[in-house]
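Worksheet: the structure to be examined is printed underneath.
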Amino acid sequence: MDLFLQLLANGLINGSHYALLGLGFGLIFSTTRIVHFAYGPIVTFAAYTAWLISGSMGLPLIVGIAGAVLVAALLGTGSYLTLYRALERNGAPPLIPLIASLGLTIVLENLVGVLFGTGVRTLDVDSSVHFLGPVFFTSIHVWQVVSFVVIAVALGAFLRRTRYGRAILAMTDDPEMARVIGIDTLKVSIIVFALGSAISAVPAVMVLLKDGASTHMGFAAVFMGFVAVIVGGVGSLRGAIAGGYLVGLVESLGLWQIPTEWQGSISFVVLFLMIMLRPQGLFSMARK
Amino acid sequence: MEYIYHVAVLFCLYAILATSFNLLVGFAGLFALSHAALYAIGAYTTAILTTTLGLPFPVPLIASILFAALLSIVIAVPALRVSGHYLVIVSLALQVIVLQVIVNWKSLTGGTDGISGVPTYSFGSFALDTPARFLIAAMLGLAACYWVAWRLTRSPFGRALRAMRENESAAQSVGLDILYMKVSVFAISAGLAAVAGSLFARYFSYVGADSFSINETIYILAMVILGGTGNLRGAVLGAAILVVLPELLKFLPMPVDIADKMRLIIYGCVLMAVLVFRPQGLLPELRGKKAMFVQTDAERDEADTAKLLDGETGATSETVLEGRNLCKRFGGITAISDFSIALRSHRITGLIGPNGAGKTTAFNLLTGFLKPTDGQIDLRGKSILGKKPHHLVASGVARSFQDLRLFTNMTVIENVVVALPNQAGHRISNLFLKPLTVRAQERENTALAMQILRFVELDGKAHETAADLSYAEEKLLVVARLLATGAEVLLFDEPMSGLDQTTLREILPVLRRLAERGKAICIIEHNLDVITGICDEVFFLDEGRTMAVGSPAELMSDPELAERYFK
Amino acid sequence: MRKLIAAAIAATAVAFGGSAAAQNAPKDPDKYRAGAILAMSGKADWYGKVMSRAIQLAVDEINEAGGIEGIPLEVIIEDHKSGIAKEGVSAMNRLINIYDVKAVLTSFSPPTLAIAPIADEKGILLLNGGGTSAALVGATNMMFHNRSLASDLGLAAVQRAKKEGLGDMAQLVWKNDAGDSVVAAAAPYWEKEGHKVVATEFVELGASNIDTQVAKIRASRPDWVGLWLFSPESGLGIRKLREFGVDVPLIGIEYTGDVKEIAGKYAEGYEYASDYFIPSDDYPWSKRFADAYEARFGEKAEFYAANYYENVYVLAEAIRRARAKGGDYWDGRKLAEAIRENPTFDSVYGGSMTYQDNGVAKKRVAIFKVENGEGKFVEYVTLN
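Protein chains in written order, with this note's numbering: chain A, 1 to 288; chain B, 1001 to 1567; chain C, 2001 to 2384.
Below is the structure:
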């Protein structure tokens, strides 16, 4: 039972992490329908930037986080303006951006290695261990959950209360209609790329603090973000959150009785069943 | 130079993989990203059968093909339920699961160590143990696989695949068997990938799970997309570029510690640049006359066309399709209730009513696209309840869609030919066993399609891409495609909407002529001029209920209806 | 007649002597070219960095000292993208056909297993200094390993646990051939000792999240945890186990700069069995290498660096020995033969090392304990 509770806590903590990744990825994907795989190496870049500022240069962590957010937002916007925009203009069919994005992923991932060198980077912060009954967790775990809640609430407010937020929601609903009613879809696309990438910098820094950053950390990030979005239902940010938590919990609790050598597939089995049984996702915007 | 032969062998393997993946992705439009898993199955099957059982060639190869084809049916199951991004994710999930099973099934697959010592091909004392010699086997494999893919795609089956890719429900509506096409294209694509896998095992003599990761699937996908989806030569070209480019980059001198990363950066940049400047891929899909695989100048006498256009009944009007007390509920919402209709030959029946009245639902029920919650449907007195749309088309009930659903990236004549009934070339076995029959029939069908296009006066645009037609021409093409099915009951969903008066005057007589020749016709229409102009009987629906039935004149004179609907 | 016999004898002597002389005169190439197939990109590129640096260092040292008997040595570095078999084979083909190498330094199991048949066929000497899983032993008799078998390291670790009188064991294992071969050696040993293996949890290579594994290990309440992981996951394992309050002894099989970086303060007290590479004044060569490496690359030399550095010197020495026999000596098979005939070589670890019949060099395995972030030598282990 203690193990179950611990795994439950782990699942919720990881779920927050995946949900945050899902929010960033989902914002971009649901609005522009671009499978932005390079989201992964941008996460890596953000983590290494935070390490460079706060670890190597010794500035306060908050400066490091700010730097990471800035770099991620710039890279995200840059990839839209230089790559995806050019593809859109040349009338590329829907899955071309996905392949182009993979090309960008290869470039960015290796660029991290060239710029920052290989090997793991860590940043030591004072993290204490807490326990709640039999359940252990560290202060970084708490930060993961808190950062997710804060960002999710802020993002929700932004989307519902501001003009640009509503424009994003409109475009998520129906890009054609958004264009018809006079929304500047170019501007909205730039905003979601900047915002989605900026959000991804936060979980990136958390990984740096928790497990250390490595040049290939981005793959898991984009994959889990993507999975959270699909499980939750494309076009729904609430869905991305629910998807993130579901994947986190299943990945953790699923291994309660199953040997851990199956860890790599368990979330995929769930994903598989999920899509087969409920292809519209947990929360679906699909209207018939 | 052995090294060059080695690169050539690699090219052959990837050209097979890209060609087989192109069948799935380019032609059938099924983005099932689990190709490397099937490649792995092929490689492991050969490795296991040769090392543990010592079976001689060609048994392991055949077993690899069959086993991969069998497994691919598991992947086809999700593809029958989901599409688009969902299929991408589900198949990626399957890829991960298959690989993990391989790694964890230590007793059979050697686990993380993999399987070493797979023997290469040897015939007597002649062993294919150098890259140069192995290249013979690799090239034979590529030639065979390419030939199979070529046979499939340059055929009625290949055209049907592309139609399914363009629009699945429209493909069903012209009588194509989606289940058969999906399962068989998955199986063949998997079988071809397994050939590459089997060659891999023989060539490298070592099989390990690292060689078949998601990255490998993505690498193959990049070849297909770079070269051009839906173009067989394109995928081969894509494979050539993506195999050779990294090797060429190896000759760029660079500082050792970052050399291989810099090479990958350049590789990624080249990939992006090509996609930006050639978003359709290097070689586009064949269009215009090249899309056809027989000559189109063959003539055909009028009598045959007449037979196709005629209903099979005599001059008297009789009930062909009858729906009784049909009812359809979605969750708590009743879309249509207690709907009874009889469609008769030589007659045009109209369905009118406001949006959401249940007209399209009625069509969906009558044509098998939806299953009624309650009620009975008979075709010539026999129940057709629960039959699939493509079966109904074959039995003589076909429909069009309000939103047209043309096969937009195919030529006008292809849109028509694909709908013609009883094509031997829609069965894969016939392509390989009766190629001459298929070819002869295709020649006839092409001529017939030209006749139909002439009937709707689109013959001048036969080889243009459907996407380039004007709206009125698209509507005419919808009529032509529906005619091509040869069905005696034709259901048109708003065939006239959005057309100007001139075009209306062109299409109305076409429908009238069809009815005169014995077809039973049903149309959904808002334009009262059309209704009064051609309908023999009109059903007025509102909120799922049949409010009134009668001749157009009777309905127009009903004061209540006039108040609510006709103003 | 005597003249004739004398002439015949002379002719025979000339004939034999001539041919003998021809056999003895070594056919020298302009340059000795060897290759190295390493993880230069991909998720384990840390290994490629360390190994390629050490190789460069050794090659430069040898050439600065005038090459191998006056002939310069060159090592061409190729990439297997962190363990992809196909990439290894392509690299091998390039090395053989374009650069005409006779020896290749290899790493990682899958590419090594895939190039082994080529080495056999073409007669290329293979020198491996990375992790050695059981599958590599005996893959070809052209291959020699200067790193202890992963399973031997595991055995050394459990023997240490036995000596400390520890009880039930939990294992955290790398999900690859190396991890599996440690489990295969360590778990039966420990059960034979009358203890239980209470948990065996697997970690993917490049895993970022192992919280579940750690929670399961904690719940199994072990008396100690065996960390059958390599860099950098061993660091992650140490850190997570400690963070989650698992305070029993941790015994592993690796401690590198990356492990130290990740584990940080939690590494304190961690014990590990490893090839004994500690530069010391007793062994001037080890000291000289460690200093040169640090001066040039700004990082401390890992034992992986030491192994590949050493492999270059093994190659150089094998060339010298083969050359002494003369003839067409610049050939992989001749080199392998030279190693097998006299399998003892100087070791950068100190003293010498000897390749056993299976091609694996018997190196001294020692137990280390981390104190103030550095591994401190505890004792040598004799495997039984």
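Ideal Cβ placement from N, Cα and C applies to all residues, glycine included.
The model shown is predicted, which means the values in this text are computed figures rather than measured ones.
Item: Here's a check: name, in chain order, each residue in its chain whose Cβ is nearer than 8 Å to the Cβ of threonine 1334 (chain B), leaving out the five neighbours to either side.; Value: Cys1327, Lys1328, Gly1544
Item: Taking Cβ to Cβ, would you say valine 1148 (chain B) is nearer than 9 Å to leucine 1192 (chain B)?; Value: yes
Item: Is tyrosine 1121 (chain B) helix, strand or coil by DSSP?; Value: coil
Item: Taking only beta carbons into account, state which residues of the stretch 1216–1241 of chain B come closer than 7 Å to chain A, listed in chain order.; Value: Ile1218, Leu1221, Ala1222, Ile1225
Item: Across which residues does DSSP place glutamate 1322 (chain B) in a beta bridge pair?; Value: B:Ala1342, B:Asp1378
Item: Check the Cβ-Cβ distances between valine 43 (chain A) and every residue of chain B, and say whether any is below 9 Å.; Value: no
Item: Do you know offhand how far isoleucine 2339 (chain C)'s Cα is from alanine 9 (chain A)'s?; Value: 57 Å
Item: Along chain B, in chain order, which residues have C-beta atoms closer than 9 Å to that of serine 276 (chain A)?; Value: It should be pointed out that residue 276 (chain A) corresponds to methionine in this sequence rather than to serine. Per Cβ cutoff of 9 Å: Val1077, Pro1078, Arg1081, Val1082, Val1090.
Item: To the nearest angstrom, report how far apart glutamate 1168 (chain B) and lysine 1182 (chain B) are at their CA atoms.; Value: 11 Å
Item: Beta carbon of leucine 1264 (chain B), beta carbon of leucine 1226 (chain B): below 9 Å?; Value: no
Item: Should glutamine 2356 (chain C) go down as buried or exposed, given a rule of 16 or more other Cβ atoms within 10 Å for buried?; Value: exposed
Item: Of the residues that make up the stretch 2208–2224 of chain C, which ones have a beta carbon closer than 8 Å to any beta carbon in chain A?; Value: Ser2208, Asn2209, Asp2211, Thr2212, Gln2213, Ala2215, Lys2216, Arg2218, Ala2219
Item: Give me the chain A residues within the contact set of phenylalanine 2202 (chain C), using Cβ-Cβ distance strictly less than 8 Å, ordered along the chain.; Value: Pro259, Thr260, Glu261, Gln263
Item: Does isoleucine 2238 (chain C) get closer than 9 Å to chain A when you measure Cβ to Cβ?; Value: no
Item: Count the other CB atoms within 10 Å of the CB of threonine 2200 (chain C); is the residue buried (16 or more) or exposed (fewer)?; Value: buried
Item: At a CB-CB cut-off below 8 Å, which residues of chain C make contact with tyrosine 1003 (chain B)?; Value: Asn2093, Arg2094, Ile2096, Asn2097, Ile2098
Item: Give me the residue from A:Leu104, A:Gly11, A:Ile42 with the minimum Cα distance to valine 202 (chain A).; Value: A:Ile42
Item: Could you round the C-beta distance between glycine 1158 (chain B) and phenylalanine 1021 (chain B) to whole angstroms and report it? I think they count as a contact, below 8 Å.; Value: The Cβ separation is near 15 Å, so there is no contact.
Item: Give the residues of chain B in contact with lysine 2325 (chain C), contact being defined as C-beta atoms less than 8 Å apart.; Value: Under the 8 Å cutoff, chain B gives no residues; its nearest Cβ is about 28 Å from lysine 2325 (chain C).
Item: Taking the beta strand (DSSP E) that alanine 2207 (chain C) belongs to, which residues open and close that run?; Value: Alanine 2207 (chain C) -> no beta strand (DSSP E), and no H or E assigned at all.
Item: Mind pulling the chain A residues with CB within less than 8 Å of tryptophan 2046 (chain C)?; Value: Thr118, Gly119, Val120
Item: Measure from the C-beta of aspartate 2180 (chain C) to each C-beta in chain B and report whether the shortest distance is under 9 Å.; Value: yes
Item: Going straight from the alpha carbon of glutamate 1216 (chain B) to that of proline 1156 (chain B), what length do you get?; Value: 32 Å
Item: Any Cβ of chain B within less than 9 Å of the Cβ of alanine 2116 (chain C)?; Value: yes
Item: Which residue wins for smallest C-alpha separation from isoleucine 230 (chain A), given the options A:Gly22, A:Val269, A:Leu5, A:Ile266?; Value: A:Gly22
Item: Roughly how many angstroms lie between the CA atoms of lysine 2216 (chain C) and alanine 2267 (chain C), to the nearest whole one?; Value: 21 Å
Item: Find the residues of chain A that neighbour alanine 1093 (chain B), judging by a C-beta separation of less than 7 Å, and give them in chain order.; Value: Phe268, Leu271, Phe272
Item: What residue range is occupied by the uninterrupted beta strand (DSSP E) comprising threonine 2106 (chain C)?; Value: 2103–2106
Item: Quick check: the stretch 1192–1209 of chain B against the stretch 1447–1460 of chain B, are at least 3 beta-carbon pairs closer than 8 Å?; Value: no
Item: Alpha carbon to alpha carbon, how far is arginine 1151 (chain B) from phenylalanine 1432 (chain B)? Give it in angstroms, no decimals.; Value: 8 Å
Item: Pick from C:Tyr2309, C:Asn2311, C:Gly2264: whose alpha carbon is nearest that of aspartate 126 (chain A)?; Value: C:Gly2264
Item: Assuming serine 197 (chain A) and alanine 73 (chain A) are in contact, meaning their beta carbons sit under 8 Å apart, how far apart are those beta carbons, in whole angstroms?; Value: 5 Å
Item: Does alanine 2316 (chain C) come out as helix, strand or coil in the three-state DSSP assignment?; Value: helix
Item: As a quick exercise: from C:Arg2053, C:Lys2369, C:Asp2168, pick the residue whose alpha carbon is nearest that of isoleucine 2278 (chain C).; Value: C:Lys2369
Item: Note the first and the last residue of the continuous alpha helix (DSSP H) segment covering tyrosine 1014 (chain B).; Value: 1002–1022
Item: Which chain B residues are close to aspartate 2177 (chain C), counting only those with a beta carbon under 7 Å from its beta carbon?; Value: Thr1112, Asp1113
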